[in-house]
Amino acid sequence: MSKRKKKESQGNFSRMFFVLAMCSVAILLTVGGTFLVLHGALKTETPGEDDSSVVTDSDYDQGENAIDASRYASTILEETEDAGEKYVNETLFLGDSNTARMRLYGYISYDNSVASVGMAARSIESYACAKFSGYSSYKTMPEAVALMQPRRVLITFGTNDVSSSLTAEKFIENYVSGIKAIQKAYPSVDIIINSIPPIGKQHSNSDMSQSQIDAYNKAIVQMCEDNDWKYLNSAEVLKGTDGYAKSGYVDPDGIHMTRTALDVLFDYIRTHSYVTDDDRPALKDVPKHTEDKDVSASTAASVLATPTPAASSSSEPEQEESSSSQSSSQ
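Structure below.
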């Protein structure tokens, strides 16, 4: 009888051990599977430093949309004597994040700029972004120009418009509408359209390419020719020999201009000036421009963060950079 009980006890122990072992295996498989699922989800939703969000342009032919300067001799601003800071101060700068960066680094101020991070040319007429003392609501850029009564405006848009789904023709249609709204709001103002700045060969927007930017800039020159506006071809000093932004001219995102680029840009602005007779009517009281509203707050938080040293995001070597006497942004 004791032997039988002993055998039954051993059998029960073996079955219990087997059940515990199987339960342990099941728990391990469950935990392991859960970890793999969560790890995969986190990897998908949280890009790392080597994430594919940084793209590299390929098959770029910089000659495809090159601008024939001789064809637009009366439209493209030629080199002049340095017009100095007075010229800059008399100019109202309108634009997106690259214009906001001009203000961040102290090249311009709220007194002579209206800039909205993330803004596209199609929003010039409609987006109320400028705040003035004495006014409860924000004003659109045309309304802001009428209030600020500048001698001239220098407009830099296009970076936030560039997309494979937006043709150069449609971009120009939007741009013309916005610029004419500015002209209608303050007819005495001189109009200068700046080229869209080049990007780095490596950049953070997969729907943007230097080929598209070149095509848009070529269309902008023709737009200026057709409407008797002036074109500031600043891209010519921001580009390296490969057609992309020169080394050190854009941030690691490959899109936003650095202080180095802005130094070059403002030298170019002053030495390619457009000065006409000042035919503005007697100026009325100009309200204080106090604030601009950004289209993209998240982009503004990074683009307008504490200024950092110039970064390199181009394939161009340092020795290819132009001298500091040359000039260089939704």
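When you line the sequence shown up against our numbering, it's residues 862 to 1191, in that order.
Glycine is no exception: its CB is placed at the ideal position from the N, C-alpha and C atoms.
- Counting of Cβ neighbours within 10 angstroms places VAL1147 among the exposed residues, the total staying below 16.
- When secondary structure is reduced to three states using DSSP, LEU965 falls in the helix class.
- Annotation: the continuous beta strand (DSSP E) that includes ASN1055 extends over 1051-1055.
- Between SER1072 and the set THR1160, VAL915, TYR921 and THR1119, the nearest pair of CA atoms involves TYR921.
- With respect to the C-alpha of ALA1122, the residue from TYR996, GLY1061, ARG1012 and SER1159 having the closest C-alpha is GLY1061.
- Taking C-beta atoms as the reference points, ALA976 and PHE954 count as a pair closer than 9 Å.
- Beta-bridge partners of LEU955 (DSSP): VAL975 and ILE1016.
- Looking at ARG983, GLY967, LEU1099 and HIS1150, the one whose alpha-carbon comes closest to that of LEU1027 is ARG983.
- A direct Cα-to-Cα measurement between ALA1158 and ASP957 gives close to 13 Å.
- Within the DSSP bridge table, the entry for ASP1138 names no partner.
- As DSSP reads the structure, LYS1100 sits in a beta bridge with ALA1106.
- Under the three-state reduction of DSSP, LEU1027 is assigned to coil, being neither helix nor strand.
- At a Cβ-Cβ threshold of 9 Å, ILE1057 and ILE1074 count as neighbours.
- Membership of GLU1004 in the alpha helix (DSSP H) is indicated by the continuous run 1002-1009.
- Approximately 17 Å separates the beta-carbon atoms of HIS1150 and ARG962; this is outside 8 Å, ruling out the contact.
- VAL1037 places its beta carbon less than 9 Å from that of ASN1088.
- In this structure, PHE993 lies near ALA1005, with their beta-carbon atoms less than 9 Å apart.
- Cβ contact annotation for ALA1046 (same chain, cutoff 8 Å, sequence separation greater than five): PRO1003, GLU1004, VAL1006 and ALA1007, in chain order.
- For ARG1013, the closest C-alpha among the options LYS1000, TYR948 and ILE985 is that of TYR948.
- Within the model, the alpha-carbon separation for TYR1129 versus SER1095 is close to 7 Å.
- Exposed is the label assigned to VAL1136, since fewer than 16 other Cβ atoms lie within 10 Å of its Cβ.
- Contact between VAL1156 and VAL978 holds: their C-beta atoms lie close to 6 Å from each other, under 8 Å.
- Setting aside the 5 residues that flank it on each side, ASN1055 is surrounded in the same chain by LEU1015, ILE1016, THR1017, LEU1093 and SER1095, each with a C-beta closer than 7 Å to its C-beta; the list follows chain order.
- In chain order, ASN926 and ILE928 place their CB closer than 6 Å to the CB of LYS1079, counting only its own chain and leaving out the 5 sequence neighbours on each side.
- For ASP918, the number of other beta carbons within 10 angstroms of its own is at least 16, and it is reported as buried.
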